[in-house]
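**Student:**
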Amino acid sequence: MENYSIIIPSYTVGPGAYKEIPKYCKRCGRRAVVIGGHKAMAAAREKLLAAVEGSGLEIADFLWYGRDCTFEAAKALEEQESVRTADMIFAVGGGKAVDTAKLAALHLEKPYFSFPTIASNCAASSSLSIVYKEDGSFCDFVHFLEGAHHIFIDTEIIAKAPDQYLWAGIGDTYAKYYEVSLSARGERLEHFKAVGVNLSRMCLDTMLQHGEQALKDNKAGVSSYDLEQAALTIIVTTGWVSMLVARDHTMDYNGGVAHAFFYALCSLPGFEETHLHGVVVGFGVLMLLMIDGQEKECKMLRDFNKRVNLPVSLSEIGVTVKDVAKVADRIIADEDVEHYPYRLTRDMILDAARQLES
Ligand SMILES: [Zn+2]
Numbered sequence: 293m294e295n296y297s298i299i300i301p302s303y304t305v306g307p308g309a310y311k312e313i314p315k316y317c318k319r320c321g322r323r324a325v326v327i328g329g330h331k332a333m334a335a336a337r338e339k340l341l342a343a344v345e346g347s348g349l350e351i352a353d354f355l356w357y358g359r360d361c362t363f364e365a366a367k368a369l370e371e372q373e374s375v376r377t378a379d380m381i382f383a384v385g386g387g388k389a390v391d392t393a394k395l396a397a398l399h400l401e402k403p404y405f406s407f408p409t410i411a412s413n414c415a416a417s418s419s420l421s422i423v424y425k426e427d428g429s430f431c432d433f434v435h436f437l438e439g440a441h442h443i444f445i446d447t448e449i450i451a452k453a454p455d456q457y458l459w460a461g462i463g464d465t466y467a468k469y470y471e472v473s474l475s476a477r478g479e480r481l482e483h484f485k486a487v488g489v490n491l492s493r494m495c496l497d498t499m500l501q502h503g504e505q506a507l508k509d510n511k512a513g514v515s516s517y518d519l520e521q522a523a524l525t526i527i528v529t530t531g532w533v534s535m536l537v538a539r540d541h542t543m544d545y546n547g548g549v550a551h552a553f554f555y556a557l558c559s560l561p562g563f564e565e566t567h568l569h570g571v572v573v574g575f576g577v578l579m580l581l582m583i584d585g586q587e588k589e590c591k592m593l594r595d596f597n598k599r600v601n602l603p604v605s606l607s608e609i610g611v612t613v614k615d616v617a618k619v620a621d622r623i624i625a626d627e628d629v630e631h632y633p634y635r636l637t638r639d640m641i642l643d644a645a646r647q648l649e650s
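Sequential numbering from 293 applies to the sequence shown in my numbering.
1. Glu471: buried (16+ other C-beta within 10 angstroms of its C-beta) or exposed?
2. Please output, in chain order, the residues near ligand 3 using a CB cut-off of less than 6 Å to any non-hydrogen atom of the ligand.
3. Going by DSSP, what residue range makes up the beta strand (DSSP E) through Met380?
4. Measure the beta-carbon distance from Ile445 to Ile410 and round it to whole angstroms, keeping in mind my assumption that it falls under 8 Å.
5. Let me know if Ser607 comes out buried or exposed under the rule of 16 or more other beta-carbons within 10 Å of its beta-carbon.
6. Excluding the 5 residues preceding and the 5 following Cys431 in the sequence, name in chain order all residues of the same chain whose CB lies nearer than 6 Å to its CB.
7. Let's see if you can read the secondary structure: which residues bound the alpha helix (DSSP H) around Leu240?
8. Quick one: which unbroken alpha helix (DSSP H) runs of 4-plus residues sit fully inside the stretch 420-471? Chain order, please.
9. Check Leu355 in the structure and name its three-state DSSP category.
10. DSSP state of Glu350, grouped into three classes?
11. What residues in its chain sit with their C-beta under 6 Å from that of His441, if we drop five residues either side in the sequence?
12. Sorted by chain position, which residues of the same chain lie with C-beta nearer than 6 Å to Gly463's C-beta, five sequence neighbours on each side aside?
13. Below 8 Å, can you find three or more Cβ-Cβ pairs linking the stretch 351-367 to the stretch 385-393?
14. So for Thr304, helix, strand or coil by DSSP?
15. Can you check which of these residues, Ala625, Gly348, Ala538, Lys311, is closest to His435 by C-alpha distance?
16. Look up Ser534 in the DSSP assignment and give the residues it is bridged to.
17. Return the residue from the list Tyr310, Gly461, Leu398 that minimises the CA-CA distance to Gln521.
18. Considering only their Cβ atoms, is the gap separating Val577 from Val629 smaller than 8 Å?
19. For Asp621, count neighbouring C-beta atoms within 10 Å of its own C-beta (all shown protein chains included) and say buried if the count is 16 or more, exposed if not.
20. With a Cβ-Cβ cutoff of 8 Å, do Lys511 and Asp455 count as a contact?
21. Report yes if the C-beta distance between Asp643 and Tyr555 is below 8 Å; otherwise report no.
22. Should Tyr466 go down as buried or exposed, given a rule of 16 or more other Cβ atoms within 10 Å for buried?
23. Please state whether the Cβ-Cβ distance between Ser418 and Gly531 is less than 8 Å.
24. Beta carbon of Ile351, beta carbon of Leu340: below 8 Å?
25. Between Pro301, Asn295, Arg477, which lies nearest to Leu536 when the distance is taken from Cα to Cα?
26. Using the three-state DSSP reduction, which class does Tyr296 fall into: helix, strand or coil?
27. Are the CB atoms of Thr447 and Pro307 within a distance shorter than 8 Å?
28. For Ala397, which option in Tyr357, His330, Gly428, Ser429 has the closest C-alpha, if you only look at C-alpha atoms?
29. If you drop the 5 nearest sequence neighbours on each side, which residues of the same chain put their C-beta closer than 7 Å to that of Glu504?
30. Check Ala476 in the structure and name its three-state DSSP category.
31. Do the CB positions of Ala324 and Ala383 come within less than 8 Å of each other?
32. Please name the residue, chosen from Ala415, Gly585, Thr566, Ser559, that lies closest to Ala617 on a Cα-to-Cα basis.
33. Quick one: grab the DSSP three-state call for Ile410.
34. Identify the residues that DSSP records as bridge partners of Ile327: which are they?
35. In this structure, what does DSSP give as the bridge partners for Tyr404?
This is the structure in structure tokens:
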């Protein structure tokens, strides 16, 4: 038996979440540098500056992360004087900006704090950066042992973000439950993995309970209880689950057919540019359920998807059964389904696609 430690990022949520910045950040030093997206920094700037004023903390600079999360973009940031001399990094924005700031923090061995400005993914709380190549294609997953030192979720900023992010986030988040629980089926789970697998249930339940109202509130720009529950699930719960079920990288229960389905479709020309990841993954879960013989559950989720306007048919994501046949071999070969309770076949995938169409 080896020793191991589990470290899970803590969070503050609410309309005044940034007011807690001094309390959590001062222990890491005095100088912070903000790295983020343009829109995210514009949305957060005033609140960040107000939070540090008179606290003994200072924000040395606001830096744009770059166009994409690449090793080159992270390196350019690492070479900036204000980043090299900072005691801590504030990662502000959606997935890519936060992932890039995390990479720079990792390389420079500086603590980072995350400030998600949209509720669409778990980049703010996960210990993983998804890195792309300069040409926009996928490059690498970079895993960290430690995530953010603290996450600050300002629900007023999130409520004012475009609702398509939350919309896609809902599909990606309920997928976490179905994919993780299927990947872990029949396994003997260590403590932290069991916690992660059981916690994943909240990724579904909270979406079913609060997702529809949260979307309405996001459309209206209102920071409500439902929106807060949805944002916490998308940003925090999903990140905690993904950390816990992949803590030892020899066995990772993240991922499954829904993600493999999305990545395989991205090989079709123009698909990735015109579709939101979480929306397609949300439909991919219906495929997962049909393949797994869970017709009742599939029907329940289809009804939910209809209520929140997520796709329930292939045509709604602009593909046909023929297209699925073209990419079926990619789905089976995808690393997301490397650890699966049974062997996936082309026929299973095509049967599921046909059943969903009929
Ligand atoms: Zn995803």
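Glycine is no exception: its CB is placed at the ideal position from the N, C-alpha and C atoms.
**Tutor:** Let me lay it out:
1. buried
2. Ligands present in the displayed structure are limited to ligand 1, and ligand 3 is not among them.
3. 380-385
4. Rounded, the Cβ-Cβ distance is 11 Å, inconsistent with contact.
5. exposed
6. The residues are Val423, Tyr424, Lys425.
7. Since the first and last residues shown for the chain are 293 and 650, residue 240 lies out of range.
8. Every alpha helix (DSSP H) stretch that sits fully inside the stretch 420-471 and reaches 4 residues is listed by chain position as 447-452.
9. strand
10. strand
11. The residues are Pro403, Phe405.
12. Within the same chain, Gly463 has close Cβ partners Gly570, Val571, Val573, Gly574, Leu602.
13. yes
14. Per DSSP, reduced to three states, the secondary structure at Thr304 is strand.
15. Ala538
16. DSSP links Ser534 through a beta bridge to no other residue.
17. Per the Cα distances, Gly461.
18. no
19. exposed
20. yes
21. no
22. With 16 or more Cβ atoms within 10 Å of its Cβ, Tyr466 is classed as buried.
23. yes
24. yes
25. When only C-alpha atoms are compared, the closest one is Pro301.
26. Under the three-state reduction of DSSP, Tyr296 is assigned to coil, being neither helix nor strand.
27. yes
28. Tyr357
29. Arg599, Val600
30. Shown here, Ala476 sits in coil according to DSSP, grouped into three states, outside any helix or strand.
31. no
32. Ser559
33. coil
34. DSSP lists Leu355, Ala383 as partners of Ile327.
35. Ile381
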